[in-house]
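See structure below.
Number of protein chains: 2
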Amino acid sequence: MKVERILLDHGSGGKLSHELVQTCFLPLLGKGDPHQLNDSASVHVDQVGLAITTDSFVVDPIFFPGGDIGHLAVCGTVNDLCMAGARPLWLTTAFILEEGLPLEDLRRIVESMGRTARKVGVDLVAGDTKVVPKGKADKLFINTTGVGAVRKGRTFGGQFARPGDQILISGTLGDHGVAILSAREGLAFETPILSDSTPLWDLTKTILDTGADIRVMRDPTRGDWPQH
Amino acid sequence: MKVERILLDHGSGGKLSHELVQTCFLPLLGKGDPHQLNDSASVHVDQVGLAITTDSFVVDPIFFPGGDIGHLAVCGTVNDLCMAGARPLWLTTAFILEEGLPLEDLRRIVESMGRTARKVGVDLVAGDTKVVPKGKADKLFINTTGVGAVRKGRTFGGQFARPGDQILISGTLGDHGVAILSAREGLAFETPILSDSTPLWDLTKTILDTGADIRVMRDPTRGDWPQH
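Going down the list, the protein sequences come from chains Y and G.
Here my numbering is used: the first residue of the first sequence is 3, the next is one more, and so on.
Here my numbering is used: the first residue of the second sequence is 3, the next is one more, and so on.
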């Protein structure tokens with residue numbers, strides 16, 4: 003009997019990821035409409051509306067043109083909150099470190115996280131560190147989980163998209179992906195391509211303040227489950 | 003020049019962990035009193051008091067007598083919230099999967115998480131999956147981050163401990179650690195020792211409801227940073 007195994011494509015955001023969510027993770031969530039594939043979950047406590055989102059970052063290499071895994075870990079989670087129209091309030095961060103990682107690399111990454119968080123005004127409130135034996139992880143992995151405050155009466159989500167909607171794009175496409183690929187594969191271009199990963203709260207706030215009829219905001223992140 | 007590197011002991015919760023937090027992570031947090039080493043962070047939004055905590059689980063083996071990594075990932079984070087006297091509301095979970103992991107193992111672990119979460123009544127609201135190439139992780143790592151509701155006027159923390167305080171212990175000591183070790187090292191005992199990891203919300207709620215003068219509650223978790 004052939005044993006079914008996890009493949010790289012199960013994490014790619016494509017068909018196999020979708021199947022894994024449908025057959026394995028949705029029963030865990032116990033609910034959730036798979037058509038509502040948003041960047042964060044919406045919850046309420048005492049009439050306060052919050053958005054919650056989680057992401058692990060496993061990017062290789064950990065330093066790349068225009069950024070590093072720490073910068074990315076703050077931007078990615080902050081931006082998932084922004085896409086719900088939520089002001090980022092708190093981040094937690096959990097590190098899985100491979101034995102032998104140079105401390106200097108960790109320090110550079112941690113400094114980068116702190117700098118990016120201060121730029122957004124989000125508070126890094128809790129953390130965790132685990133170390134695994136050499137060869138049991140790839141230098142370091144970072145999880146960031148974020149909580150944001152949702153404005154009353156403003157709900158965004160893929161389920162509100164309609165045929166004929168106009169799409170606004172915040173920048174050129176593919177810069178981050180190409181920057182990672184060029185660093186990983188040693189590709190050279192005449193003009194170096196830098197990652198454009200950046201926190202989007204200022205932009206999001208400006209959009210919200212205009213009162214424009216925006217119904218969906220998305221930040222493309224691999225691996226997110228349907229969040230509802 | 004000798005390059006300083008991460009050692010296994012940096013994650014053990016001992017002296018090196020403490021040094022790493024002091025010299026590397028506290029500047030990232032930008033604040034935080036290192037004497038307040040509690041299990042979760044305390045935050046407020048619109049006068050609602052919340053506790054937040056994060057933990058990554060890298061336990062080897064992933065199945066052990068009395069439990070598995072999924073059960074542990076829910077219990078660990080739920081219990082860190084309980085120790086703040088906080089009712090667990092929401093959990094996020096993020097998986098880092100090693101290419102080649104049997105899908106059946108993942109399903110067993112996910113089912114175990116769902117079962118444990120339902121037992122507590124905590125809502126698994128958001129998730130994330132990443133897959134890394136074979137050899138770049140150790141089967142799977144799970145991050146769980148939790149948010150809980152704090153009762154007004156009840157604050158617990160290590161900073162409130164005083165000489166002469168009496169200590170109550172909720173069970174026998176070391177069962178979980180010995181269960182893991184016996185599975186990892188193939189140790190045999192006349193009586194098999196099972197992990198006693200279990201969600202502690204019912205116990206915590208009972209303690210809180212008595213109104214007893216409890217000032218510190220702790221769940222020993224390796225790797226947590228000072229949380230404030």
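We put the beta carbon where it would ideally sit given N, CA and C, even for glycine.
None of these values were measured; they are calculated from a predicted model.
{"Check": "Nearest candidate by alpha-carbon position, reference Y/Gly102, set G/Ile209, G/Glu6, G/Trp203", "Outcome": "G/Glu6"}
{"Check": "Sheet register partners of G/Ser14 (DSSP bridge)", "Outcome": "Beta-bridge pairing links G/Ser14 to no other residue."}
{"Check": "Listed by chain order, chain G residues near Y/Trp92 by CB distance under 7 angstroms", "Outcome": "Val45, Ile54"}
{"Check": "Interface residues of the stretch 108 to 135 of chain Y facing chain G [CB-CB below 9 angstroms]", "Outcome": "Leu108, Arg109, Val112, Glu113, Met115, Gly116, Ala119, Arg120, Asp125, Leu126, Val127, Ala128, Gly129, Asp130, Thr131, Lys132, Val133, Val134, Pro135"}
{"Check": "G/Leu210 versus Y/His46: straight-line alpha-carbon distance, rounded", "Outcome": "24 angstroms"}
{"Check": "Residue span of the alpha helix (DSSP H) that contains G/Gly125, given as start and end", "Outcome": "The identity of residue 125 of chain G in the sequence shown is Asp, whereas the question assumes Gly. No alpha helix (DSSP H) contains G/Asp125, which is instead part of the beta strand (DSSP E) from 125 to 134."}
{"Check": "N-terminal and C-terminal residue of the alpha helix (DSSP H) that Y/Ala185 is part of", "Outcome": "177 to 187"}
{"Check": "Nearest residue (CA-CA) to Y/Val61, options Y/Arg186, Y/Leu202, Y/Thr206", "Outcome": "Y/Arg186"}
{"Check": "The stretch 126 to 142 of chain G / the stretch 135 to 151 of chain Y touching (three or more Cβ pairs under 8 angstroms)", "Outcome": "yes"}
{"Check": "Separation of Y/Gly123 from G/Pro104, as counted between CA atoms", "Outcome": "42 angstroms"}
{"Check": "Straight-line gap, G/Val149 to Y/Gly188 (C-alpha atoms, nearest Å)", "Outcome": "42 angstroms"}
{"Check": "Touching by the beta-carbon criterion (3+ pairs, under 8 angstroms), the stretch 74 to 90 of chain Y and the stretch 113 to 122 of chain Y", "Outcome": "yes"}
{"Check": "Segment limits, beta strand (DSSP E) that includes Y/Ser44", "Outcome": "43 to 47"}
{"Check": "Candidates Y/Pro29, Y/Glu192, Y/Leu205, of which the one nearest G/Arg110 by Cα", "Outcome": "Y/Pro29"}
{"Check": "Selection from Y/Ser44, Y/Val133, Y/Gly166 that minimises the alpha carbon distance to G/Ser58", "Outcome": "Y/Val133"}
{"Check": "Start and end residues, beta strand (DSSP E) containing Y/Thr55", "Outcome": "50 to 59"}
{"Check": "Whole-angstrom distance between G/Pro63 and G/Pro194, CA atom to CA atom", "Outcome": "16 angstroms"}
{"Check": "is_contact[G/Asn81, chain Y] using C-beta, thresh 8 angstroms", "Outcome": "no"}
{"Check": "Alpha-carbon to alpha-carbon, G/Arg217 and Y/Ser42", "Outcome": "35 angstroms"}
{"Check": "Separation of Y/Lys4 from Y/Ala88, as counted between CA atoms", "Outcome": "45 angstroms"}
{"Check": "Any C-beta of chain Y under 8 angstroms from that of G/Gln38", "Outcome": "Any reading at G/Gln38 must be qualified, since the residue scores a pLDDT of 49, below 50, and its modelled position is unreliable; the value itself is stated next. With 8 angstroms as the cut-off, G/Gln38 does not count as an interface residue toward chain Y."}
{"Check": "Burial state of G/Thr208, where buried means 16 or more other Cβ atoms lie within 10 Å", "Outcome": "exposed"}
{"Check": "C-beta neighbour in chain G for Y/Leu175, strict 8 angstroms", "Outcome": "no"}
{"Check": "Endpoints, alpha helix (DSSP H) assigned at Y/Glu106", "Outcome": "105 to 122"}
{"Check": "Closer than 8 angstroms to chain Y by CB, G/Ala185", "Outcome": "no"}
{"Check": "Contiguous alpha helix (DSSP H) assignments of at least 4 residues, all confined to the stretch 66 to 98 of chain G", "Outcome": "71 to 84"}
{"Check": "Chain Y within 8 angstroms of G/Asp35, Cβ atoms only", "Outcome": "Residue placement at G/Asp35 is poorly supported in this model, since its pLDDT is 48, which falls under 50; the coordinates still yield a value, given next. No - not a single Cβ of chain Y is within 8 angstroms of the one on G/Asp35."}
{"Check": "Y/Ile144, enclosing beta strand (DSSP E) - first and last residue", "Outcome": "142 to 152"}
{"Check": "Proximity below 8 angstroms, CB of Y/Thr147 to CB of G/Thr212", "Outcome": "no"}
{"Check": "C-beta neighbour in chain Y for G/Cys26, strict 8 angstroms", "Outcome": "yes"}
{"Check": "Helix, strand or coil at Y/Leu21 according to DSSP, with G and I counted as helix", "Outcome": "The sequence given here places Glu at residue 21 of chain Y; Leu does not occur at that position. Here Y/Glu21 sits in helix by DSSP."}
{"Check": "Cβ-Cβ separation, G/Thr95 to G/Ile144 (assumed contact under 8 angstroms), whole Å", "Outcome": "6 angstroms"}
{"Check": "DSSP bridge partner residues for Y/Arg7 (one or two, in chain order)", "Outcome": "G/Pro104"}
{"Check": "Cα-Cα separation between G/Glu100 and Y/Glu100, rounded to whole angstroms", "Outcome": "15 angstroms"}
{"Check": "Test: G/Lys207 CB closer than 8 angstroms to a CB of chain Y", "Outcome": "no"}
{"Check": "Span of the alpha helix (DSSP H), counted from its first residue to its last, around G/Asp211", "Outcome": "203 to 212"}
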